[in-house]
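Numbering (UniProt numbering), first residue to last: 6 to 338.
Even for Gly, the Cβ is constructed at its ideal location relative to N, Cα and C.
Step one of this worksheet: look at the structure below.
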Ligand code: ATP
Ligand code: MG
Ligand code: FE
């Protein structure tokens with residue numbers, strides 16, 4: 006079975022062809038990072054316009070590289086939400102057109118389900134599993150007992166992990182997106198500043214990063230006021246270590262509480278090398294089987310959407326041509 010995936014929820018225009026849910030035949034990603042960089046973040050109107058200009062070419066490129074024709078596709082899967090509504094609409098409209106013109110099923114996919122299925126493209130997911138989803142808009146712990154079954158165990162109460170990286174990067178006058186910039190800067194520093202870790206209630210699987218973000222900003226203000234020398238690399242390393250400690254600990258806590266021994270790291274922040282290393286080490290100690298997506302599948306891409314869409318397709322889930330983009334789509338449906 007050949008599924009075309011389409012992803013336009015934010016600032017990546019992407020199309021991909023996946024065979025049987027796990028074999029990657031093509032994954033074309035056109036990033037708009039350069040377009041948005043001068044604004045310091047994603048500008049929604051600019052993003053949708055760019056998606057419109059690119060989407061048909063990206064889809065054609067994905068089909069060409071996979072050597073699959075439109076008429077050979079089993080279905081088309083598209084990110085239905087969450088994301089920027091104007092951006093999502095472009096992918097949804099493209100998917101509907103293809104579904105209508107070729108008479109193939111349309112399958113709407115949750116963007117976060119996609120992030121979790123990124124690992125499936127390397128090695129099939131084993132259930133039950135816990136997914137630690139860390140991205141620009143989400144920080145969640147998800148329990149999955151089978152394909153298409155998502156139960157949320159915890160979520161962030163304020164900022165997402167990626168959002169915290171982006172905001173702290175902004176304060177440090179680093180370009181957007183901030184995550185990779187902070188990681189690079191942190192490599193030259195040491196985590197010598199003891200920033201707060203929000204553990205919340207003893208058993209809580211929720212997260213909170215706004216306090217940490219404020220602590221970093223306050224520390225900078227005070228240092229500037231007192232005319233102290235600021236070691237930006239140490240600051241970045243200390244912030245990163247604080248985020249990492251909480252993410253790793255809560256993921257392990259979730260696995261212990263549920264007795265689940267498969268852990269999947271997902272979302273853009275999973276590209277962070279120190280996080281990958283720390284989690285790998287902890288999981289090894291705890292006897293937990295850890296899946297981490299390869300770097301190119303961590304951030305937004307259509308291959309993960311095609312993979313997740315394949316299992317909705319296999320479960321007989323279909324969407325009609327009246328399907329709409331849902332900026333606040335819930336994961337459990
Ligand atoms: P969501 O998936 O929640 O809808 P999104 O699609 O915008 O949000 P992703 O593309 O999954 O987010 O991830 C982008 C986020 O990942 C950004 O916040 C970015 O700073 C962060 N990120 C990317 N690479 C790294 C890295 N190496 N270290 C830390 N953070 C990173
Ligand atoms: Mg992006
Ligand atoms: Fe994403």
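What do you get for residue 170, buried or exposed, if any count of 16 or more other CB atoms within 10 angstroms of its CB means buried? Counting from 1 along the chain shown, the entry for residue 170 is found at position 165. In this structure residue 170 is buried. Its beta-carbon is surrounded by 16 or more other beta-carbon atoms within 10 angstroms.
Same chain only: Cβ atoms within 6 Å of residue 80, ignoring 5 sequence neighbours per side: Looking up residue 80 in the chain shown gives position 75. Answer for residue 80: 8, 109, 110, 112, 318, listed in chain order.
Is the separation between the beta-carbon of residue 156 and that of residue 312 shorter than 9 Å? In the chain shown, counting from the first residue as 1, residue 156 sits at position 151. In the chain shown, counting from the first residue as 1, residue 312 sits at position 307. By the CB criterion at 9 Å, residue 156 and residue 312 fall outside the cutoff.
Out of 241, 282, 237, which one is the CA nearest neighbour of residue 252? To locate residue 252, count along the chain shown from 1; it is residue 247. Cα-wise, what sits closest to residue 252 is 282.
Between residue 75 and residue 103, what straight-line distance do the alpha-carbon atoms span, to the nearest angstrom? Along the chain shown, read from residue 1 onward, the residue named residue 75 stands at position 70. Along the chain shown, read from residue 1 onward, the residue named residue 103 stands at position 98. Cα-Cα distance, rounded: 8 Å.
Determine the extent of the alpha helix (DSSP H) in which residue 91 is found, giving its start and end residues. Counting from one through the chain shown, the residue named residue 91 turns up at place 86. Looking at the DSSP string, the run of the alpha helix (DSSP H) that includes residue 91 is 90-107.
Taking any heavy atom of the ligand FE as the mark, which residues have a C-beta closer than 5 Å to it, listed down the chain? Result (chain order): 140, 305.
Is the distance from the Cβ of residue 273 to the Cβ of residue 139 below 9 Å? The count along the chain shown starts at 1 and reaches residue 273 at position 268. The count along the chain shown starts at 1 and reaches residue 139 at position 134. Contact: yes.
The ligand MG heavy atom lying under 8 Å from the CB of residue 303: Along the chain shown, one-based indexing puts residue 303 at 298. For residue 303, the Cβ stays outside the 8 Å cut-off from all heavy atoms of the ligand MG.
Euclidean distance between Cα positions of residue 82 and residue 292: To locate residue 82, count along the chain shown from 1; it is residue 77. To locate residue 292, count along the chain shown from 1; it is residue 287. In this model, residue 82 and residue 292 are separated by some 35 Å (Cα to Cα).
State the beta-bridge partners of residue 86 as determined by DSSP. In the chain shown, residue 86 corresponds to position 81, counting from 1. Answer is 115.
Residue 69, enclosing alpha helix (DSSP H) - first and last residue: By one-based count along the chain shown, residue 69 stands at place 64. Its alpha helix (DSSP H) spans residues 49-71.
Just reading off the beta strand (DSSP E) that residue 18 is part of, what are its end residues? The residue given as residue 18 occupies position 13 in the chain shown. It spans 17-24 - the beta strand (DSSP E) in which residue 18 sits, taken as one unbroken run.
Any contact of the region 300-308 with the region 117-129, i.e. 3+ C-beta pairs under 8 Å? With the cut-off at 8 Å, the region 300-308 and the region 117-129 touch.
From the DSSP secondary-structure annotation, give me the bridge partner or partners of residue 149. Residue 149 sits at position 144 when you count from the first residue of the chain shown. For residue 149, the pairing in a beta bridge is given by DSSP as 134.
In whole angstroms, what is the alpha-carbon distance linking residue 107 and residue 220? For this step, residue 107 is matched to residue 102 along the chain shown. For this step, residue 220 is matched to residue 215 along the chain shown. Put simply, the backbone Cα of residue 107 is about 54 Å away from that of residue 220.
N-terminal and C-terminal residue of the alpha helix (DSSP H) that residue 223 is part of: Your numbering for residue 223 matches position 218 in the chain shown. Residue 223 -> alpha helix (DSSP H) spans 215-230.
Quick check: does the Cβ of residue 180 come within less than 8 Å of any heavy atom belonging to the ligand MG? By one-based count along the chain shown, residue 180 stands at place 175. No - the ligand MG has no heavy atom lying nearer than 8 Å to the Cβ of residue 180.
Looking only at its own chain, which residues have a Cβ that is under 6 Å from the Cβ of residue 197, when we skip the five neighbours before and after it? Translated into the one-based positions of the chain shown, residue 197 becomes position 192. Counting only Cβ-Cβ distances below 6 Å, and skipping sequence neighbours, we find 239.
How would you call residue 145, buried or exposed, if buried means at least 16 neighbouring beta carbons within 10 angstroms? On the chain shown, residue 145 is found 140 positions in, with the first residue counted as 1. Buried: at least 16 other Cβ atoms inside 10 Å.
Quick check: the region 259-274 against the region 219-234, are at least 3 beta-carbon pairs closer than 8 Å? No, the region 219-234 is not in contact with the region 259-274.
Considering residue 31, what are the terminal residues of the beta strand (DSSP E) in which it resides? Mapped onto the chain shown, residue 31 falls at position 26. From DSSP, the beta strand (DSSP E) with residue 31 extends over 28-36.
For residue 243, I'd like the list of residues in its chain whose CB is within less than 6 Å of its CB, leaving aside the five on either flank, ordered along the chain. Reading the chain shown from its first residue, position 238 is the one you call residue 243. Around residue 243: 196, 198, 200.
Is it true that the region 22-40 meets the region 322-331, where meeting means three or more beta-carbon pairs spaced less than 8 Å apart? No: the two stretches stay apart, fewer than three of their Cβ pairs being nearer than 8 Å.
In angstroms with no decimal places, state the Cα-to-Cα distance between residue 332 and residue 298. Counting from one through the chain shown, the residue named residue 332 turns up at place 327. Counting from one through the chain shown, the residue named residue 298 turns up at place 293. Cα-Cα distance, rounded: 25 Å.
Check whether the Cβ of residue 19 lies closer than 8 Å to any heavy atom of the ligand ATP, and answer yes or no. Taking the chain shown and counting its residues from 1, the one referred to as residue 19 is at position 14. It does not: the Cβ of residue 19 is nowhere closer than 8 Å to a heavy atom of the ligand ATP.
Return the chain-ordered list of same chain residues with a C-beta closer than 6 Å to the C-beta of residue 49, the five sequence neighbours on each side being excluded. For the purposes of this step, residue 49 is identified with residue 44 of the chain shown, where counting begins at 1. Cβ neighbours of residue 49 beyond the five flanking positions: 89, 91.
Runs of 4 residues minimum, wholly inside the region 280-329: which ones carry the alpha helix (DSSP H) assignment? As for any alpha helix (DSSP H) of minimum length 4 sitting wholly inside the region 280-329, the runs are 307-319, ordered along the chain.
Does residue 240 come out as helix, strand or coil in the three-state DSSP assignment? Translated into positions along the chain shown, residue 240 becomes position 235. In the displayed model, residue 240 falls within a helix according to three-state DSSP.
Kindly list the residues whose CB is nearer than 6 Å to the CB of residue 152, restricted to its own chain and excluding five residues on each side of it in sequence; keep chain order. Residue 152 sits at position 147 when you count from the first residue of the chain shown. Residues of the same chain with a CB within less than 6 Å of the CB of residue 152, apart from the 5 flanking positions on each side, are 316 in chain order.
Alpha carbon of residue 172 to alpha carbon of residue 194, nearest angstrom: Numbered from its first residue, the chain shown carries residue 172 at position 167. Numbered from its first residue, the chain shown carries residue 194 at position 189. Distance between the alpha carbons of residue 172 and residue 194 is about 19 Å.
Are the beta-carbon atoms of residue 209 and residue 163 separated by less than 9 Å? Stepping through the chain shown from its first residue, residue 209 is reached at position 204. Stepping through the chain shown from its first residue, residue 163 is reached at position 158. Result no, Cβ atoms of residue 209 and residue 163 do not sit closer than 9 Å.
Checking 9 Å against the spacing of the C-beta atoms, do residue 5 and residue 84 come in under that value? An answer regarding residue 5 cannot be provided, because it is not within the stretch 6 to 338 covered by the chain.
DSSP-derived helix/strand/coil call for residue 175: For this step, residue 175 is matched to residue 170 along the chain shown. For residue 175, the secondary structure class from DSSP, reduced to helix, strand or coil, is helix.
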